[in-house]
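**Q**
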């Protein structure tokens, strides 16, 4: 996402330069300026198409299944945060052949990661404003239903917004990053299967 943003900044500069040359052409008619503008226009158009293709590749590869539930993850995020989400997703998926395979692994093997995320968050919160029971009823978990994943994710996001500088805690930040990646994969798999949350099964 950051790379794409840089390309867009470059495109804006090229367009401004093109506009300046256009004014020169209006004041000084001649083949030289006409040829120069034509060449610059073709370069800008080619660069724009390159950016468009890169964006479409990202959307098709990773976000084609994103609907309302998964889109919630990307709302109100900076370009840097979106870039990290994309990079983490890409890295995690390298160990699996398909989205469904990754989701199945996460569903049955994430209890320890969930507990680590909650524990590190509680430790990072000053004044003990939130206890474990706020997030989950028990620490004796094997799997969570998708609705429980969503409830937990929303509670953690609420705490992140409420507690200042919580993401400066490296232990929690690392645990949360993996938790969020797992959550995103589960949601994408559910939506790719066109299931409703209440009916979703691995």
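Residue numbers (our numbering): 5 to 206.
Every residue, glycine too, gets a C-beta built ideally from N, C-alpha and C.
These numbers were taken from a predicted model, which means no experiment stands behind them.
Does the Cβ-Cβ distance between residue 159 and residue 139 come in under 8 Å?
**A** Taking the chain shown and counting its residues from 1, one reaches residue 159 at position 155. Taking the chain shown and counting its residues from 1, one reaches residue 139 at position 135. Yes; because the gap between Cβ atoms is below 8 Å, this pair is in contact.
**Q** Excluding the 5 residues flanking residue 190 on each side, which residues of the same chain have their C-beta closer than 8 Å to its C-beta?
**A** Taking the first residue of the chain shown as position 1, residue 190 is located at position 186. Counting only Cβ-Cβ distances below 8 Å, and skipping sequence neighbours, we find 107, 110, 111, 150, 153.
**Q** By the three-class DSSP mapping on this structure, what secondary structure does residue 99 have?
**A** Position 95 of the chain shown, counting from 1, holds the residue named residue 99. The answer is coil: DSSP assigns residue 99 none of H, G, I, E or B.
**Q** With burial defined as no fewer than 16 other Cβ atoms inside 10 Å of the residue's Cβ, what is the status of residue 142: buried or exposed?
**A** Residue numbering aside, residue 142 sits at position 138 when the chain shown is read from its first letter. Exposed, by the Cβ-count rule.
**Q** Going by the beta-carbon positions, is the gap between residue 176 and residue 93 smaller than 8 Å?
**A** Here residue 176 refers to the residue found at position 172 of the chain shown. Here residue 93 refers to the residue found at position 89 of the chain shown. Against a cut-off of 8 Å, the Cβ pair of residue 93 and residue 176 comes out as no contact.
**Q** Just to confirm before moving on: does the CB-CB distance between residue 183 and residue 117 stay below 8 Å?
**A** Locating residue 183 in the chain shown gives position 179, where the first residue counts as 1. Locating residue 117 in the chain shown gives position 113, where the first residue counts as 1. Yes, they are a contact pair.
**Q** Give the range of the alpha helix (DSSP H) segment to which residue 145 is assigned.
**A** Taking the first residue of the chain shown as position 1, residue 145 is located at position 141. Segment: none, residue 145 is in no alpha helix (DSSP H) and carries neither H nor E.
**Q** So, helix, strand or coil for residue 161, using DSSP?
**A** Indexing the chain shown from 1 puts residue 161 at position 157. Helix, per DSSP.
**Q** Sorted by chain position, which residues of the same chain lie with C-beta nearer than 8 Å to residue 89's C-beta, five sequence neighbours on each side aside?
**A** For the purposes of this step, residue 89 is identified with residue 85 of the chain shown, where counting begins at 1. Cβ neighbours of residue 89 beyond the five flanking positions: 77, 78, 81, 184, 185, 188.
**Q** Compute the beta-carbon to beta-carbon distance between residue 128 and residue 170, rounded to the nearest angstrom, for a pair I have assumed lies under 8 Å.
**A** Residue 128 sits at position 124 when you count from the first residue of the chain shown. Residue 170 sits at position 166 when you count from the first residue of the chain shown. Yes, they are in contact, since the Cβ atoms of residue 128 and residue 170 sit about 6 Å apart, within 8 Å.
**Q** In chain order, what residues of the same chain have a beta carbon less than 8 Å from the beta carbon of residue 181, not counting five sequence neighbours either side?
**A** Translated into positions along the chain shown, residue 181 becomes position 177. Within the same chain, residue 181 has close Cβ partners 88, 92.
**Q** In the DSSP assignment, the alpha helix (DSSP H) including residue 185 goes from what residue to what residue?
**A** In the chain shown, counting from the first residue as 1, residue 185 sits at position 181. Counting along the chain, the alpha helix (DSSP H) containing residue 185 begins and ends at 174–196.
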